[in-house]
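Per numbering that gives the first Met the number 0, residue 0 is the first one in the sequence shown, and the count goes up by one each step. Just so you know, even glycine gets a beta-carbon here, dropped at the ideal spot from N, CA and C. All remarks here apply to the structure that follows.
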Amino acid sequence: MLKNINEMHLYVTSRCNMNCSYCSDVIKRTNPSGNPFMDLDIGKKYVELIFSNSTRDRITIVFHGGEPTLQSLKWYQQLIEYIEFQARNHNKKVNLALQSNCMRISDEFIELFNKNKIIIGASLDGPPEINDLTRVNGEVALSNILRLQAINRLGGVICVITDKNCNDVETILRFFEKCGLNSLSFNIFYSVGEGNKLPPLSAKKIFEVYKTTYEYMRSTSGKGVKERSVSIMISKFLNPLSKEELLTNLNCYSPFCHAGIFNIICDTEGNLFPCGCSDVLKFKLGTIHSIDKQHYVNVLKMLHKKSEKYDKSCSSCFANSICSFSCPAFHEEDPITERNLCEATKIFYQFLEEEPREIITEIASGTEFYRGKQTH
């Protein structure tokens, strides 16, 4: 069950120092009355479980939350020492990462990040005045993100696209370019959790996000901000993945994702889930103390099961080579966004068909996702 795991997330706390208006985590925690912070023993047991069962040579460990910087420095120091011990014991290499809102990056945390080569994923929804429409204290977050950038600890920035900022995509991209923050991911928000108070984005608005992003990347010849989702789509447009490649490249941008197969998470109480989007009771895989193989398999079948629409329409759709097929954990909660992502992808594919192939190639070749050959 766990032999292929190469990425493990620790939800080190369920607490957060922000209250984003679209947060999917606020009301979906499995046991909000339980321990809001992960005990060190739970973290150690989780590390031991994965390291002793995974056959992968390299494992990425991501500290997540809530807001992980609310956990104590001592906790991190002790757990990282244990991770290093387990890595030596099992002859594995480890990458450490932490996903933060960057509101409380102290000098002590900077020292921790530098000493242990921890890469930080940040969150910022554009310039402070745009960011603060759905989040808070954008100036503080930006200042800390730039500090992380200056010491080469920043991995990239996630920018959630909602109805509050979807019309400002070019402004957002130019802002990040001016700041020298060139690794960016636009995440189309799902109307789940607190987000169900916000209207889902229409297919037209989602397409405009894709189109505006593409046009910005075209204007910079792919040398400015490299937005992840559009970069992946145009790369797959030029060179679609084969069926065999799709089954070995499982991720959030593929028909079948990596949740529970290559990726797994542990919450503060030692419960195991396939991914951060599926950390609800019906997708519970087991605990760090007990996993039933058949239950684990049944949960993954339920999570990854495709609808009749996939068999009838998606598998033969003209745009399926660039489609991410939306998040399976949110299909039931937000079918509107699933449908709108589908339509937006089709429109974007048709848009790309009208673009000069050499221009798309120039943009794609500047990204990490381009594989050099074309099949169109």
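| Query | Result |
| --- | --- |
| Taking residue 92 as part of the alpha helix (DSSP H), name the residues at either end of that continuous run. | Run containing residue 92: none in the alpha helix (DSSP H); it sits in the beta strand (DSSP E), 92-99. |
| Please work out which residues of its chain come closer than 7 Å, Cβ to Cβ, to residue 85, disregarding the five sequence neighbours upstream and downstream, and give them in chain order. | 46, 47, 50 |
| I'd like to confirm the pairing. Which residues does DSSP put opposite residue 225 in its beta bridges? | 182 |
| Per DSSP, what kind of secondary structure is residue 0 in: helix, strand or coil? | coil |
| Taking all protein chains shown into account, decide if residue 301 is buried (16 or more other Cβ within 10 angstroms of its Cβ) or exposed. | exposed |
| Is it the case that the stretch 330-337 contacts the stretch 308-318, given that we only count it when at least three CB pairs across the two stretches are under 8 Å? | no |
| How far does the beta strand (DSSP E) with residue 153 in it reach, from first residue to last? | 153-160 |
| Since residue 265 sits in a beta bridge, which residues does DSSP pair it with? | 9, 271 |
| Which partner residues of residue 298 appear in the DSSP bridge assignment? | Residue 298 pairs with nothing; no bridge assigned. |
| Determine, using beta carbons only, whether residue 205 and residue 343 come nearer to each other than 8 Å. | yes |
| Can you list, in chain order, the residues of its chain whose CB lies under 6 Å from that of residue 62, leaving out five sequence neighbours each side? | 9, 11, 97 |
| Would you give the residue range spanned by the beta strand (DSSP E) that residue 121 belongs to? | 118-122 |
| For residue 87, I'd like the list of residues in its chain whose CB is within less than 7 Å of its CB, leaving aside the five on either flank, ordered along the chain. | none |
| Nearest to residue 154 by CA position, among 189, 247, 225, 198, is which residue? | 225 |
| Would the beta-carbon of residue 23 fall within 8 Å of that of residue 189? | yes |
| Taking 7 Å as the cut-off, is the CB of residue 290 close to at least one heavy atom of the ligand HEM? | Judged by which ligands are present, the structure shown has none, so any question about the ligand HEM falls away. |
| For residue 133, name the three-state secondary structure that DSSP assigns. | coil |
| Report the rounded CA-to-CA distance for residue 277 versus residue 328, giving the unit in angstroms. | 5 Å |
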